[in-house]
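The structure appears below as structure tokens.
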Amino acid sequence: MTEAQEPKHEEGGRVRREKVRIQCNRCGEVYILRGRRNKSGEIETGFVQCICGNTDDFTITPLEPAVR
Ligand SMILES: [Zn+2]
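First residue of the sequence shown? That's 1 in full-length UniProt numbering, and the numbers climb one at a time after it.
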């Protein structure tokens, strides 16, 4: 089973929106947000904190782009 597919598309250098799943490791709340990948490969979503006040203990999972 291979899951090493990295996005190789650099069409016009446009910023690609990506969905991420953010799960709070304290209360278990899950958020689905859209973010954009910055130059260092991190996805910025603007997400600040969970409803429980947690600001730094999350599991962040990138989601596959929606089917076109
Ligand atoms: Zn929480």
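Backbone N, C-alpha and C fix where the C-beta goes; we use that ideal spot for every residue, glycine too.
Return the bridge partner residues of residue i from the DSSP annotation.
i: Phe47; result: Paired residues: none, contrary to the question.
According to DSSP, is residue i part of a helix, a strand, or is it coil?
i: Thr55; result: coil
- Message: Report the start-end ranges of each beta strand (DSSP E) in the segment 13-40 that is 3 residues or longer and not cut off at the edges.
- Response: The segment 13-40 contains, as complete beta strand (DSSP E) runs of 3+ residues, the segments 17-24 and 30-37 (chain order).
- In chain order, what residues place their C-beta within less than 5 Å of a heavy atom belonging to ligand 1? Going along the chain, the residues that qualify are Cys24, Arg26, Cys27, Glu29, Cys50, Cys52 and Asn54.
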